[in-house]
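Heads up, the sequence shown is in the working numbering, so the first residue is 71 and it goes up one at a time.
Structure first, then comments.
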Amino acid sequence: MSAYELIEYLGFNINLILLDYNGLILQKENWTTVFLEPNDQLEIITLAGGG
71 MSAYELIEYL GFNINLILLD YNGLILQKEN WTTVFLEPND QLEIITLAGG
121 G
């Protein structure tokens, strides 16, 4: 499963999140080409407005 497929499956808005993949920010253009493997770490960072 690609990073993009996981985000789509979980129902996140791709315009409002960042992905930290094994300690590095994953560029959106790479979401479809990065496939998750056992022991990979993926952190979904949501952007929220506020003040």
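No residue lacks a Cβ here, since even glycine has one placed at the ideal position from N, Cα and C.
Contacts around residue i, its chain only, beta-carbon distance under 7 Å, and the 5 residues preceding and following it disregarded
i       : result
Leu-88  : Ile-95 and Ile-115
Gly-120 : none
Phe-82  : Ile-114
For residue j and residue i, believed in contact at Cβ under 8 Å, the rounded distance
i      : j       : result
Asn-85 : Gln-111 : The Cβ separation is near 23 Å, so there is no contact.
Cβ neighbour criterion (16 or more within 10 Å) applied to residue i
i      : result
Ala-73 : buried
Contacts around residue i, its chain only, beta-carbon distance under 8 Å, and the 5 residues preceding and following it disregarded
i      : result
Ile-77 : Ile-84, Ile-87, Leu-89, Trp-101 and Ile-114
8 Å Cβ cutoff, residue i in contact with chain D
i       : result
Leu-112 : Note that chain D does not occur in the displayed structure, where there is just one protein chain.
DSSP state of residue i mapped onto helix, strand, coil
i       : result
Leu-94  : strand
Glu-122 : Outside the displayed range of the chain (71 to 121) lies residue 122, so it cannot be described from this structure.
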